[in-house]
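Everything on this sheet refers to the single structure shown next.
Number of protein chains: 2
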Amino acid sequence: MDRPRWLNEEEKRAWNAFIAAHALLYQRLDQQLKRDVGLSHLQYMVLARLSGAPDRELRMAELADAVQNSKSGLTYQIGQLEQAGLVCRRNCQSDVRAVYARLTDEGMALLERAAPGHVAMVRELFIDALTPAQLQALADGLGEANRRMRECGGTATHEFERRK
Amino acid sequence: MDRPRWLNEEEKRAWNAFIAAHALLYQRLDQQLKRDVGLSHLQYMVLARLSGAPDRELRMAELADAVQNSKSGLTYQIGQLEQAGLVCRRNCQSDVRAVYARLTDEGMALLERAAPGHVAMVRELFIDALTPAQLQALADGLGEANRRMRECGGTATHEFERRK
DNA sequence: CGTCCGTTGTTCAAATTTGTACTCAAGTGT
DNA sequence: ACACTTGAGTACAAATTTGAACAACGGACG
Chain B
5 MDRPRWLNEE EKRAWNAFIA AHALLYQRLD QQLKRDVGLS HLQYMVLARL
55 SGAPDRELRM AELADAVQNS KSGLTYQIGQ LEQAGLVCRR NCQSDVRAVY
105 ARLTDEGMAL LERAAPGHVA MVRELFIDAL TPAQLQALAD GLGEANRRMR
155 ECGGTATHEF ERRK
Chain E
5 MDRPRWLNEE EKRAWNAFIA AHALLYQRLD QQLKRDVGLS HLQYMVLARL
55 SGAPDRELRM AELADAVQNS KSGLTYQIGQ LEQAGLVCRR NCQSDVRAVY
105 ARLTDEGMAL LERAAPGHVA MVRELFIDAL TPAQLQALAD GLGEANRRMR
155 ECGGTATHEF ERRK
């Protein structure tokens, strides 16, 4: 029904800024974490999530969801972290299938060593570049976008291209 | 000098929203592009960039920079696109080292077929979730962040963690 | 109970990304 | 012309991600 409504200049500007900002930020953060403590940003997020969880442990699936990664991807990463002694697996007795990933003391220690530098960088590159008002607008707007994406698994383009 | 200044709630909210939004968006967009036209989001961006360039061609390095990818990563992707007939390479006669990637007619055709659905999705998931004011704040703020990151190759954390 | 359906975490191969090393030329200064 | 430094694109191996296939359960229901 609706012929393609292209983005106008303002919309394009926002979209491009968003994409570019993420790429640039990610690159810097990842690089710094690797250099300083030998963790990828993904690994850092895993540790950070665990550190905030009760008993410092989460089930694989929850964790995967929390860091927005696939199950198999998380299996791999937890494998790496486990090998590095930063995390350990624990089986649940009430549900044989369940596996908990738990942050070890070494993991916690490393996280505490990594956090200051990481946070400083986030602040420098992201937080401090935005005014408080912009920050709030961004949090509100993207928060709403996230809400929409999370709920409806796929309103989007269900039958969008059913010609070919 | 400065002891770690952690993020306050508002800052955390913004940062998390930003990270989550990108992951969510990227996943959806990538999936849709693959489903509809068999392109990854990166490949789409490559084609889109080329389509907007004079003569529909760009040098490898420029293109790599434009889509924020490493040189070797771009070599790989261009290889894929070339094999699919969507792009072709052209050598420059004035500079033997230079290689141009050019969008072929098929590439252009595919891009035109892909664009409507892609744009519709960007609009639905991103643009329409934000108010015009939020959109502008986001464009301004992130634009500023990008500017900062682009100019100084690395003000950040030069000598930040030189203890360990 | 036994059956069927949806979950959970893993495995495995293929696709992609990363990072480094390399090859050739341009450009510079001598 | 001759080193010398840098830049462009590629090659390649190692690391990571993806996606489908699997094995093993829980849970609901007849």
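In order, the protein sequence lines correspond to chains B and E.
For the first sequence, the residue numbers in our numbering are 5 to 168.
For the second sequence, the residue numbers in our numbering are 5 to 168.
We put the CB at the ideal spot given by N, CA and C, even for glycine.
query                                                                                                               : result
Where the alpha helix (DSSP H) containing R154 (chain E) begins and where it ends                                   : P136 to E155
C-beta contact flag for Y104 (chain E) and R63 (chain E) at 8 angstroms                                             : yes
Check whether E66 (chain E) and R94 (chain E) have beta carbons under 8 angstroms apart                             : no
With 16 other Cβ atoms within 10 Å as the buried cut-off, status of V100 (chain B)                                  : exposed
Assigned secondary structure, K16 (chain B) (DSSP; H/G/I helix, E/B strand, else coil)                              : helix
Nearest-angstrom Cα separation, counted from A24 (chain B) out to Q31 (chain B)                                     : 11 angstroms
Expected contact under 8 angstroms - CB spacing of A27 (chain E) and Q72 (chain B) to nearest Å                     : 4 angstroms
For L46 (chain E) and E90 (chain E), the rounded distance between their alpha carbons                               : According to the sequence displayed, residue 90 (chain E) carries Leu and not Glu. Taking the straight line joining both Cα atoms gives about 14 angstroms.
Length-filtered (4 minimum) alpha helix (DSSP H) runs lying within the region 12-100 of chain E                     : 13-41, 45-55, 64-70 and 75-87
Close Cβ partners of L142 (chain E) (< 8 angstroms) along its chain, the five nearest in sequence each way excluded : L134
Cα-Cα separation, A52 (chain E) to L37 (chain E)                                                                    : 13 angstroms
Which listed residue (E:E13, E:A119 and E:E155) has its alpha carbon closest to that of L11 (chain B)               : E:A119
Candidates B:A57, B:G42, B:T79 and B:E13: closest to L107 (chain B) by CA position                                  : B:A57
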